[in-house]
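Engineer: The structure follows.
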Amino acid sequence: MASSHGSSPVPRRGRDGIYHKERDAPPARCRSVRSLPDVCPKEPTGERRGLCDGPSVVAEHDRWTVFSSKVNLPAALNDPRLTKRESDFFTKTWGLDFSETEVMPSFYLPNITREHFGPYLREMAQRERIHERCKTICPNKDDVDAVSSVATNNDKSRAELEQVPKIFMKPEFALEDPATFNSVLPWSHFNSAGGKSSRDVASSKLLQEKLSHYLDVVEVSIARQISLRSEAFFHAMSSQHELQDRLQETQRAVAVLRGRTAAIDRIMCQGPLRALRTALTRNNCVKLHNKLKLMAAVHQTQPTVQLLLSTSEFVGALELISTTKEVLQQELQGIHSFRHLGSQLCELEKLIDKMMVEDFSMYARSDLNRVLKDEPLVLEKERLESLVFGLLRQRKLDFLDIYSDEMIMAAKAIVSQCVAENVLNIEDIDTEVVTKLFDQMRLMTFPQWFELLKTIFESFLLFLQRIKATLSVIKNVVLEVLASNQRNRLLVQEAGSGASVQEAPRGPSLQQGEAELAYLTHEGLFISDALNEAQQQQQAVQDQGSAAGSRIQQSRAEAAGSDSAETSVSREQSFMSGENMMPTDLELNRVINNLQELLHTASDVSHDRCVKVLTARAKDGSLERLSSAEFVCLSQAVEGFVRDTEELCSRRSVSLRGALQSQANRFVHRFHDERKTKLSLLLDNERWKQAEVPAEFQDLVNSIADGRITLPERKIPGPEDRKPAEFLLVNGQKYAVVGTVLLLIRIFLEYCQCVNDIPSIATDMLTRLSDLLKHFNSRSCQLVLGAGALDVVGLKTITTKNLALASRCLQLVVHYIPVIRAHFETKLQPKQFSVLRHFDHITKDYNDHVAEISAKLVAIMDSLFEKVLSKYEVKAPMPSACFRNVCKQMAKMHEAISELLPEEQTQMLFLRINASFKMHLKRQLARLGVVNDGGPQNGLVVVDVAFYTENVQALKNLDRLDLNMAEIWEQKR
51 MASSHGSSPV PRRGRDGIYH KERDAPPARC RSVRSLPDVC PKEPTGERRG
101 LCDGPSVVAE HDRWTVFSSK VNLPAALNDP RLTKRESDFF TKTWGLDFSE
151 TEVMPSFYLP NITREHFGPY LREMAQRERI HERCKTICPN KDDVDAVSSV
201 ATNNDKSRAE LEQVPKIFMK PEFALEDPAT FNSVLPWSHF NSAGGKSSRD
251 VASSKLLQEK LSHYLDVVEV SIARQISLRS EAFFHAMSSQ HELQDRLQET
301 QRAVAVLRGR TAAIDRIMCQ GPLRALRTAL TRNNCVKLHN KLKLMAAVHQ
351 TQPTVQLLLS TSEFVGALEL ISTTKEVLQQ ELQGIHSFRH LGSQLCELEK
401 LIDKMMVEDF SMYARSDLNR VLKDEPLVLE KERLESLVFG LLRQRKLDFL
451 DIYSDEMIMA AKAIVSQCVA ENVLNIEDID TEVVTKLFDQ MRLMTFPQWF
501 ELLKTIFESF LLFLQRIKAT LSVIKNVVLE VLASNQRNRL LVQEAGSGAS
551 VQEAPRGPSL QQGEAELAYL THEGLFISDA LNEAQQQQQA VQDQGSAAGS
601 RIQQSRAEAA GSDSAETSVS REQSFMSGEN MMPTDLELNR VINNLQELLH
651 TASDVSHDRC VKVLTARAKD GSLERLSSAE FVCLSQAVEG FVRDTEELCS
701 RRSVSLRGAL QSQANRFVHR FHDERKTKLS LLLDNERWKQ AEVPAEFQDL
751 VNSIADGRIT LPERKIPGPE DRKPAEFLLV NGQKYAVVGT VLLLIRIFLE
801 YCQCVNDIPS IATDMLTRLS DLLKHFNSRS CQLVLGAGAL DVVGLKTITT
851 KNLALASRCL QLVVHYIPVI RAHFETKLQP KQFSVLRHFD HITKDYNDHV
901 AEISAKLVAI MDSLFEKVLS KYEVKAPMPS ACFRNVCKQM AKMHEAISEL
951 LPEEQTQMLF LRINASFKMH LKRQLARLGV VNDGGPQNGL VVVDVAFYTE
1001 NVQALKNLDR LDLNMAEIWE QKR
């Protein structure tokens, strides 16, 4: 078959035995095409060597350039290790771990832009335009002939092939198929009856020629196609022979290279590799030895924990369990022999939690129920600290509730113990008959019960001091944990900031042989990365192993025994290592607040138990029957206890004060009723005569004048005691008083004394004292002005002396009301000053009463004047009997009141009496018709008036009294 005109000439064999294809000369000024770079560079040596020459180990290499590399693109793209074709062939070439990163531009290659190609493009632009124009105008003759020949041949072959039936061209053509066979060979032409006829022979020949023609057409078409592709076929054949020759040369070069590689491996590699394997084996043995030592230490965990629990070192045991669990999860994970140890340690940790709670409960019970005296405040301080550390580490923050329950039970036991001890010393109480404590307390006398109460107070003070000391130890532990948490956070922050500023310090240098081992086992590109990775792995392994082993050894050392300082340090280290288990700062602050609340609860519980003691004693009213001195002693003792507990616990408990206030109210009620009843009895038996003033009452008044509103201590009577005085001297004034008023002064001083001793009852006591003063005022008014004393005491009459004495007594009480008011004002709160208005009302009532008595005295003389002067007649002898009688009565009046009332009051009283006398005399003279005309009757009246004036002014302290008797005459109109 002939080839086409455009086919290439047949390749020829060159001198080296390789078929070379003839090539046309390159066009002028055409640059040679360079091959693409290869990812596997060869070793340039500066001289050309054949493939038979192997790589030289000692020959000098030429400087490698970018043109020294070649690219085998099919080898780069067809990676047999991948299951599917990837889009990035760099990942295929450099492995699955390769990740695309931004490549820094080379500093040695210029940045090529389009401007660099500007001169070339300008130089070739004109030529390119001319070339393109020529191609369009004058196409290549060979190309035109080839195209026309190919088109003609294609049309001819297509027409010939169309003669062949389509059944032969079908892909599913098969003569085995009966239908296909019958359509190709119609047997109907051969099925005539009898033998072969001439017609059948002609038909079979015709069919054979037709099939032969079809075969020729197909063969000619195939030959034509082969002739068209003959050049490519011969080129492929020549390339195959050249490839076989090159493969033989490559095979020989590979054999030589393998021999040299085997020699290099035998001489240079096997020894060092054996050394590296030995170093690796030694390193593995060291790791195995450390791992076995760690397993041995972990194996001793349970006995060590039991030993620590036997010495109540709960913190050490918990730290050992935590460390062991951490080692099991990190260092010894997957070891079959320790598969159950983790669950056992968890169960052991739960058991330790229960043991710590029970131990703390036992500690609280033994601490709170031990003897209060002659023992240290804190029992087994180290044991308490260990328990609190352990409970905090396990976040058992409800241990204070246990302490609170034990505290309440201990407070009940303190009261029972004090009562039982005091009852044993009292022979009058039979404990077999009287079994209840409260009944036993009620059978005691007040001194015995008061001693019991003081004992209970002292016991509770010691009890609270012990609780405060214990809670202080617990608080110090909590504060230590809180400070440790803060230090840990600061260390973490400093470590984080230091790591961001500078690199971490390099670890210890690698051991001999480990660098080479790291290089051989490293999969990266750089040996520095391999060395750093090996150092980090070795340091991490050593740190983890040493840390785990040291913690376990430290826990075992603590089990063997250590001093308190080392124990505290180990506790702090345990908090630092197990900070994830530790409570947060908020929870720790809540525990501190709960500690303070627990101390307040202890104070309240102590007060409540004391309240029960008070209420048990007051159930039958015995506290209400106390004397004021006894109740004051009780109040002072209670106030002292409350004050001490407030200073100790910083808590103002109100229960005991409330119970005391309740008892004080009952005491005030009884106190007031007794004084009021006593005053009523004194008034009912008072004969309203001037009483002598004993020296003690004068001293009492003097102390009040000095500002001491208290009852003086009773003095033992002696032979040099002063005699009673006739008057009571108050600020230089004489007061003639009755005995009831003296006792009244002492009574209201008792009220003031109670207020001094019990300030809480000031308001109630002021109200009761006001009621007492009102009662004295009203009752004295009934007895004197109302003449009730005539029936009660049996007086024959109420004399002017009785009235004057009552007035003076009332004035004495009025004098002391401001003093009482000022005293109560110092005991009241500013918001309670409104109750002081009672004293203003009382003062007004007393002054009104005094004025009524003065009016009564004037009324007595007024009735006398009216009776006497109604019988007055102006006649001799002079002075008349009427005026003599008036002067006599005036003298009796003056004699009765002059020693009782002060001079000013006496003068004012006689001025009023004189005014009454002048009124009645004037009225009588007007009735008699006597006028001031100088006549005889006028003269007689003047003589009587002069006699009256002389007698009145002759009385004591009335000599300067202006009677103004000229007013008796009516003025002339």
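Final position of the sequence shown in my numbering is 1023; the numbers increase by one with none missing.
Glycine included, each C-beta is placed from N, C-alpha and C at the ideal position.
Here the structure is a predicted model, which is why all the values come from computation and not from measurement.
1. Assign valine 336 to buried or exposed, taking buried as 16 or more other Cβ atoms, counted over all protein chains shown, within 10 Å of its Cβ.
2. Where does serine 262 land, buried or exposed, given buried means 16+ other C-beta within 10 angstroms?
3. Would you mind giving the Cβ-Cβ distance between valine 751 and valine 718, rounded to the nearest angstrom? I have them listed as a contact below 8 Å.
4. What number of angstroms, rounded off, separates the C-alpha of proline 558 from the C-alpha of lysine 404?
5. Relative to the C-alpha of lysine 462, which candidate in Lys846, Glu408, His657 has its C-alpha closest?
6. Looking at the strands, I want to know which residues DSSP matches up with alanine 775.
7. Tell me whether glutamine 832 counts as near the ligand PLP, meaning its Cβ is closer than 8 Å to at least one heavy atom of that ligand.
8. Using CA coordinates, which residue listed in Arg659, Ala714, Met815, Glu397 is at the minimum distance from lysine 506?
9. Are the beta-carbon atoms of threonine 361 and leucine 429 separated by less than 9 Å?
10. What does DSSP give as the partner residue(s) for glutamine 783 in the beta ladder?
11. Can you name, in chain order, every residue of its own chain whose Cβ lies under 6 Å from the Cβ of phenylalanine 449, other than the five neighbours on each side?
12. Have a look at lysine 726 and proline 426 and give me their C-alpha separation to the nearest angstrom.
13. Compute the beta-carbon to beta-carbon distance between threonine 374 and leucine 344, rounded to the nearest angstrom, for a pair I have assumed lies under 8 Å.
14. Check the C-beta distance from leucine 729 over to leucine 799 and give it rounded, since I have them as a contact under 8 Å.
15. When you compare only the Cα positions, how much space is there between tyrosine 264 and valine 214?
16. Please identify the residue among Phe500, Glu173, Glu435 whose C-alpha is closest to the C-alpha of isoleucine 524.
17. Skipping 5 residues on each side, what residues in its chain have a beta carbon closer than 8 Å to that of leucine 645?
18. Kindly indicate if chain B contains any beta-carbon less than 9 Å away from that of threonine 893.
19. Give the straight-line distance between the Cα atoms of threonine 634 and isoleucine 371, rounded to the nearest whole angstrom.
20. Helix, strand or coil, according to DSSP, for threonine 634 in the structure here?
21. According to DSSP, is glycine 984 part of a helix, a strand, or is it coil?
22. Please state if the CB of valine 834 and the CB of alanine 856 are separated by a distance shorter than 9 Å.
23. Quick one: Cα of proline 59 to Cα of alanine 282, how far?
24. Would you kindly work out how many angstroms separate the C-alpha atoms of glycine 789 and alanine 926, rounded to a whole number?
25. Near threonine 850, which residues of its chain fall below 7 Å by C-beta distance, leaving aside the five closest residues on each side in sequence?
26. I need the DSSP call for arginine 279, collapsed to helix, strand or coil.
27. Would DSSP call asparagine 735 helix, strand or coil?
28. Under a Cβ-count criterion, where at least 16 other Cβ atoms within 10 Å of its own Cβ denotes burial, should threonine 351 be classed as buried or exposed?
29. I'd like to know if the region 978-990 and the region 886-896 are in contact, where contact means that at least 3 CB-CB pairs between them fall below 8 Å.
30. Give every residue of the same chain whose Cβ lies closer than 6 Å to the Cβ of leucine 512, excluding the five residues on either side of it in the sequence, and list them in chain order.
31. For alanine 420, count neighbouring C-beta atoms within 10 Å of its own C-beta (all shown protein chains included) and say buried if the count is 16 or more, exposed if not.
32. Only counting the same chain, and skipping five residues up and downstream in sequence, which positions put a Cβ closer than 8 Å to that of leucine 886?
33. Between Gln713, Glu637, Leu447, which lies nearest to valine 661 when the distance is taken from Cα to Cα?
34. Nearest to valine 936 by alpha carbon, out of Ser534, Phe997, Ala652, Pro952?
35. Could you give the residue range of the alpha helix (DSSP H) that holds lysine 881?
36. Does the count of Cβ pairs from the region 647-655 and the region 699-707 closer than 8 Å reach three?
Structural biologist: Working from what's here:
1. exposed
2. exposed
3. Between valine 718 and valine 751 the Cβ distance is about 25 Å, and since that is not below 8 Å, they are no contact.
4. Because the pLDDT at proline 558 is just 45, under 50, the model does not fix this residue reliably, and the point stays unresolved.
5. His657
6. Val743
7. With respect to the ligand PLP, the structure shown offers nothing to examine, as it has no ligands at all.
8. Position check: residue 506 holds isoleucine in this sequence, whereas lysine was assumed. Nearest option by C-alpha distance: Arg659.
9. no
10. Val780
11. Phe410, Leu441
12. 54 Å
13. At roughly 10 Å, the Cβ-Cβ gap does not stay under 8 Å, so threonine 374 and leucine 344 are not in contact.
14. No, leucine 729 and leucine 799 are not in contact; Cβ-Cβ is about 14 Å, not under 8 Å.
15. 6 Å
16. Glu435
17. Leu450, Leu521, Ile524, Lys525, Val528
18. Going by chain labels, chain B is absent from the structure shown, which holds only one protein chain.
19. 22 Å
20. coil
21. coil
22. yes
23. Per-residue confidence for proline 59 stands at a pLDDT of 40, beneath the threshold of 50, marking its modelled position as unreliable; the derived number appears in the next sentence. When rounded, the distance between both Cα atoms is 10 Å.
24. 50 Å
25. Leu907, Ile910, Met943, Ala946, Ile947
26. coil
27. coil
28. buried
29. no
30. Leu422
31. For the record, residue 420 in the displayed sequence is arginine; it is not alanine. Exposed: under 16 other Cβ atoms inside 10 Å.
32. Leu816, Arg871, Phe874, Glu875, Leu878
33. Gln713
34. Phe997
35. That residue, lysine 881, is in no alpha helix (DSSP H); it is neither H nor E in DSSP.
36. yes
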